[in-house]
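To start, the structure under review is shown below, and the notes come after it.
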Amino acid sequence: MTDHTDSTSKHKIDIHKKEHKEEMIHQVISFTLMILFTFIAFGMVILEISSYFVKPVLILLAVVQVVFQLYYFMHMKNKGHTMPAMMMFSGIAVAILTIITFTTIIWW
Amino acid sequence: MSNAIAQQRGLGAMIWDYITTVDHKKIAHLYLVSGGFFFLIGGLEAMIIRIQLMKPDNEFISAGLYNEMITMHGTTMIFLAAMPLIFALMNAVVPLQIGARDVAFPFLNSLGFWLFLFGGLLLNVSWFTGGAPDAGWTNYAPLSTTSAGHGVDYYVMGLQISGAGTLIGGINFLVTIINMRAPGMTYMRMPLFTWTTFITSVLILFAFPALTVGLFLMMFDRMFGSAFFDVTAGGNEIIWEHLFWIFGHPEVYILILPLFGAFSDIISTFSKKRLFGYSAMVFATVLIGFLGFMVWAHHMFTVGLGPIANSIFAVSTMAIAVPTGIKIFNWLFTMWGGSIKMSAAMLWSIAFIPSFTIGGMTGVMLASAAADYQYHDTYFVVGHFHYVIVGGVVFGIFAALHYWWPKMFGKVLNEKLGHLAFWPFFIGFHLTFFIQHFLGLMGMPRRYWTYFEGQSLATGNMISTVGAFLMAIGTLIFLYNIVYTAIKEPQASADPWDGRTLEWSIPSTPPFYNFKQTPLVRGLDPLWIEKMEGRKGVTPAEPLGDIHMPNASVLPFLMSLGLFIAGFGFIYQVDHNAWFIAVAVGMGLTLGSMLTRSLKDDLGYHIHKEDLVEKGDGK
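So the protein sequences, as listed, match chains Y and H. To convert, count from 1 in the first sequence and add 95; that's our numbering. To convert, count from 1 in the second sequence and add 21; that's our numbering.
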């Protein structure tokens, strides 16, 4: 009986270690990517590429960085974060809707 | 319980008890009393409006005062009557329905109430200090930015303070419903009232910031010389309209959704049937909440947004009729084949269905952008929104009060008087507002002080005024019923309606800790399941143990009082710099109270297991 519990708890620790290792790899990858994105962003501006290309790419890179930040460093990809995620996305949707209205209907 | 002790110690102790309370049941009482008070003020303003419009060329009140009346009637009824009455119901019922001992943040709950009350009082002080706001409840710029006197300043400060309270209340209920459900109460087992409160809180969270921003811009335009809405200085007054309606349209769903939930619970209870299409009802609620954010510009069809924007908003507005229709049919199917008991609560609920459907139908008419050019700013619109707000929200509040009164005050409202109050109100309501659709189609514009003889508007307006008096009679009978019930009616049992949900498993009124043991929820309508299996109470989910309770605190009252004082300072600093002293004193009081709250640990107290055993079933 005792042996059995011991083995399961050992098994659990193993799983935990494995998960931890995986998470570490994920964080390192996303960290590297984020630094790379930052270099790309600065590089594009320094090389004076056409602003019609730079602006959308910069915004895209920024969005990806925010997603990395939220999901990998603030652990939103882990379990139990569905409700905060839903609230944040709803809030973002309302905010975007407001911005679209103001930029298209009022100031266009 | 503690209430009874307070009464023995006299009135002063009871008032102190209510000022410092953090108990959601007492905060519900506070919301109900102050919301009811503002409802009567708003009703009085409505009566004055109707008397003024009773006959052509009437001079009962002056044109300026009439503008103040219509502005304050709308503002009071939406922000100071309907909202707090809904919060009263939410506070009284939601923690009980999910098997919780209190809301997630009892301190914030109290703060939310006091902010609302002081904001409402500030708004109404304007009557005595040289004129109430007079730019309509929508407060459109530039009418509002150029309005003389301090009326509109009161509107801005009053709504800003009470709006902060509402936002706090909404967040509180979100967290409560997400985190504090009893074991086994999954999302799809929550009673409909809890579901609709949840969605309403989401709407509050996302809609109120738009109002806050709009009010801040308005405040800076009027008090500190900015020019957000001043076209001559490069501003744009349409910004206000958009911000107001981005808030304003979700606001009407904030008002109606909780009562949709109440109707669902009431109709299911008094039909002795499980709610028909529970998951469809939940889906429809979520969908209404979602679509509610995409329709605000239907209030602005005539602004000149262009045909594309108008078409998009027209279509999305019509789409809302679909989930609402789902709800209407589900209520009808719930009653179908049920063993219906015509209690007063059920009477209001049944009357709601056709009344609200008429309002919804004229809503679809108004949603058609091309036709709206004809209806816009006429009494047709006034008829429409009173059909949905009175026929939906007010009927709902009456129904819900009859239904949950025993849980809130320990006595069942007298049924005979309940029926007697219903009929004059119901008949008066249709008499008042049905004819207004036709007055509108005949060309009577809204917000006009008077009309001339020979415009064929006299008969219709007379009928409308007679109806308004009938509604007033109905309200007075309801008030009499409250007094009569308090004096004459016997103590109610825990479950006077043979209910289905958790709030009926505990005594009326519940002990201050609600549940001695947290209940175990085994399905939808948890109490009904236990009854069908022959048990008396709900199965507990935990052994009897110590209960952790929050301490009472006077700080929320002081914080709100500080903002109230600072509000006067902001309003009058335009006239004289000395008024900045009021700003400093008020903000000092508020920030000082916040600092006290942050630095002083308040860990609450425990009710010990032994004391719970002594008290028997917790009475």
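Glycine included, every Cβ here is placed at the ideal spot set by N, Cα and C. Given the structure is predicted, the values throughout are model-derived calculations rather than measurements.
Heavy atom of the ligand NAD less than 8 Å from the Cβ of residue i, yes or no?
| i | result |
| --- | --- |
| H/L101 | Looking for the ligand NAD in the displayed structure turns up nothing, as the structure carries no ligands at all. |
Of the choices the options, whose alpha-carbon is the least far from that of residue i?
| i | options | result |
| --- | --- | --- |
| H/L312 | H/K362, H/T486, H/F350 and H/E272 | H/E272 |
| Y/V152 | Y/Q164, Y/F137 and Y/F163 | Y/F137 |
| H/P127 | H/A605, H/A603, H/F601 and H/F533 | H/F533 |
| H/A335 | H/G384, H/T290 and H/I288 | H/G384 |
| H/A489 | H/D44, H/L434, H/D174 and H/I72 | H/I72 |
| H/G184 | H/A392, H/G520 and H/G269 | H/G269 |
| H/R543 | H/P561, H/N535 and H/P531 | H/P561 |
| H/V303 | H/A340, H/Q538 and H/W352 | H/W352 |
| H/W317 | H/T218, H/H263 and H/S289 | H/H263 |
| H/M483 | H/G404, H/P531 and H/Q457 | H/Q457 |
| H/L101 | H/L53, H/M75, H/N112 and H/I70 | H/L53 |
| H/W158 | H/R468, H/G246 and H/G255 | H/R468 |
| Y/F184 | Y/L165, Y/S146, Y/V123 and Y/V149 | Y/L165 |
| H/N88 | H/G57, H/Y208 and H/E66 | H/E66 |
| H/E474 | H/I69, H/N79, H/L276 and H/A420 | H/N79 |
| H/N535 | H/I568, H/G520, H/E551 and H/Y161 | H/I568 |
| H/G95 | H/F406, H/A391 and H/I550 | H/F406 |
| H/Y299 | H/Y501, H/T233, H/T217 and H/M608 | H/T217 |
| H/F350 | H/M363, H/P375 and H/F447 | H/P375 |
| H/L232 | H/T187, H/S289, H/G172 and H/A573 | H/T187 |
| H/Y626 | H/M608, H/V604, H/M206 and H/A573 | H/A573 |
| H/L434 | H/A162, H/W518 and H/M93 | H/W518 |
| H/F354 | H/I69, H/A34, H/K294 and H/A603 | H/K294 |
Which chain Y residues sit within Cβ distance under 7 Å of residue i?
| i | result |
| --- | --- |
| H/I267 | T193 |
| H/F314 | V189 and L192 |
| H/A330 | I200 |
| H/N257 | I201 |
I'd like to check one pair, residue j with residue i: are the Cβ atoms closer than 9 Å?
| i | j | result |
| --- | --- | --- |
| H/Y176 | H/L144 | yes |
| H/L129 | H/A49 | no |
| H/S55 | H/P105 | yes |
| H/Y400 | H/L387 | no |
| H/W135 | H/L582 | yes |
| H/I260 | H/F249 | yes |
| H/F450 | H/M492 | yes |
| H/P77 | H/L478 | yes |
| H/F59 | H/G190 | no |
| H/P571 | H/V223 | no |
| H/I586 | H/V606 | yes |
| H/I182 | H/V575 | no |
| H/M529 | H/G431 | Just to set this straight, residue 529 of chain H is Ser in the shown sequence, not Met. Contact flag set, yes. |
| H/K630 | H/L565 | yes |
| Y/V189 | H/F149 | no |
| Y/Q160 | Y/F132 | yes |
| H/V114 | H/T197 | no |
| H/F373 | H/G404 | no |
| H/L74 | H/T471 | yes |
| H/F284 | H/A420 | yes |
| H/M209 | H/Q594 | no |
| H/F3 | H/I267 | For chain H, the structure presents residues 22 to 640; residue 3 of chain H sits outside this window and is missing. |
Going along chain Y, which residues have a C-beta under 8 Å from residue i?
| i | result |
| --- | --- |
| H/L326 | I200 |
| H/N193 | Result: empty, since nearest Cβ-Cβ is about 14 Å, beyond 8 Å. |
| H/V223 | M182 and S185 |
In terms of DSSP beta bridges, what is residue i paired with?
| i | result |
| --- | --- |
| H/T399 | H/P466 |
| H/K432 | H/Q512 |
| H/P532 | DSSP lists no partner for H/P532. |
| H/M570 | H/Y626 |
| H/P540 | H/P561 |
Compute the beta-carbon to beta-carbon distance between residue i and residue j, rounded to the nearest angstrom, for a pair I have assumed lies under 8 Å.
| i | j | result |
| --- | --- | --- |
| H/L278 | H/T306 | 6 Å |
| H/I371 | H/P445 | Going by Cβ atoms, the distance from H/I371 to H/P445 rounds to 17 Å, so no, they are not a contact pair. |
| H/G152 | H/G170 | 5 Å |
| H/G380 | H/Y408 | 3 Å |
| Y/M171 | Y/A180 | 6 Å |
| H/I62 | H/T97 | 6 Å |
| H/I592 | H/D174 | 4 Å |
| H/A513 | H/Y424 | Rounded, the Cβ-Cβ distance is 12 Å, inconsistent with contact. |
Counting only Cβ pairs nearer than 7 Å, list the residues of chain H close to residue i.
| i | result |
| --- | --- |
| Y/M178 | I199 |
| Y/G186 | F227 |
Counting only Cβ pairs nearer than 9 Å, list the residues of chain H close to residue i.
| i | result |
| --- | --- |
| Y/F148 | What Y/F148 touches in chain H: nothing, since even the nearest Cβ is about 29 Å away. |
Starting from residue i, find everything on chain H with Cβ-Cβ shorter than 8 Å and list it in chain order.
| i | result |
| --- | --- |
| Y/F197 | I260 and H263 |
Show which residues of chain Y have a CB atom less than 9 Å away from the CB atom of residue i.
| i | result |
| --- | --- |
| H/A231 | V189 and T193 |
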